[in-house]
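To start, the structure itself, in structure tokens.
Numbering (my numbering), first residue to last: 8 to 290.
This is how it looks when you write it as structure tokens:
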């Protein structure tokens with residue numbers, strides 16, 4: 008694979024287009040202006056175990072992309088590569104290319120803190136800090152150096168409005184975030200992610216611990232958020248993937264078997280393994 012040299016700064020760099028010579032997904036495709044995350048020939052090992060095998064994908068800006076597949080197939084592992092959370096695993100080794108905004112995010116000189124501001128993460132179980140709602144939302148901006156009270160107030164309101172929870176908490180900003188319901192906590196966590204103005208939001212089974220009403224609220228929220236953000240979601244709920252996503256990637260044993268528009272994946276998949284999984288023959 009031939010890669011064009013890019014600038015040093017993650018935030019300022021703007022890579023040349025990358026020609027994909029060796030991929031089983033969209034073989035003749037080049038990176039284009041609508042690509043948010045470009046993945047080419049991604050391999051990952053945990054010690055001697057190879058967890059990901061030649062992952063190739065183009066994740067589009069302003070869309071919801073769903074990762075589906077049975078447990079242990081590599082969905083969450085791939086997701087964590089996008090903001091380098093796998094750096095925290097000592098035995099993890101990665102080869103291949105991941106570009107965000109045209110930047111190879113695994114270059115040694117990439118600012119990982121800046122990367123993680125740009126690529127937010129929402130986890131399976133709601134994980135607000137044991138602090139007030141206000142302190143949860145302002146945590147990231149304060150770390151970034153924002154101290155002005157009026158500016159912080161604006162960020163809190165804007166982030167909570169974007170997460171569709173402002174009306175529920177606006178009179179309770181001093182209340183501990185852990186005192187709210189699970190669905191409310193998850194939306195507070197989404198607001199916390201939005202407070203640092205990311206461009207991409209990663210969601211690792213964000214509704215699996217929630218009741219149906221809260222799940223529906225989060226799904227409605229994702230549909231609104233994609234107007235401003237690129238969203239990648241891991242889900243075991245295929246009905247959810249069919250409802251909310253524009254693209255779907257089907258993972259199996261560490262490989263992407265098929266990635267396409269969600270309608271095609273669910274109605275006319277190209278690979279029999281995809282059809283077998285979607286129709287419940289395994290998984």
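Note that the Cβ used here is the ideal one computed from N, Cα and C, for glycine as well.
First through last residue of the alpha helix (DSSP H) which encompasses residue i
i	result
residue 159	156-169
residue 144	140-150
Simplified DSSP assignment, three categories, for residue i
i	result
residue 9	Confidence at residue 9 is low in this model, with a pLDDT of 37, below 50, so the placement of that residue should be treated as unreliable; the coordinate-derived value is given next. Here residue 9 sits in coil by DSSP.
residue 58	strand
residue 99	strand
residue 274	helix
residue 283	helix
residue 90	coil
residue 120	helix
residue 115	coil
residue 67	strand
Extent of the continuous beta strand (DSSP E) to which residue i belongs
i	result
residue 263	262-268
residue 71	71-75
residue 47	42-53
residue 129	126-129
Euclidean distance between Cα positions of residue i and residue j
i	j	result
residue 157	residue 94	36 Å
residue 53	residue 100	7 Å
residue 118	residue 163	26 Å
residue 56	residue 261	11 Å
residue 161	residue 222	27 Å
residue 271	residue 182	46 Å
residue 58	residue 153	40 Å
residue 112	residue 122	8 Å
residue 197	residue 131	12 Å
residue 199	residue 217	18 Å
residue 174	residue 180	11 Å
residue 44	residue 249	21 Å
residue 140	residue 195	7 Å
residue 31	residue 187	Caution is warranted here: a pLDDT of 38 is assigned to residue 31, below 50, making its placement in the model unreliable, and no coordinate value can be reported.
residue 284	residue 269	14 Å
residue 256	residue 280	13 Å
residue 205	residue 235	10 Å
Cβ neighbour criterion (16 or more within 10 Å) applied to residue i
i	result
residue 84	buried
residue 277	exposed
residue 47	buried
residue 288	exposed
residue 233	buried
residue 135	buried
residue 286	exposed
residue 247	buried
residue 265	buried
residue 144	buried
residue 219	exposed
residue 211	buried
residue 150	exposed
residue 79	exposed
residue 63	buried
residue 65	buried
Which complete beta strand (DSSP E) runs does the region 175-253 hold, if anything under 3 residues is left out?
Listed in chain order, they are 207-211, 237-241.
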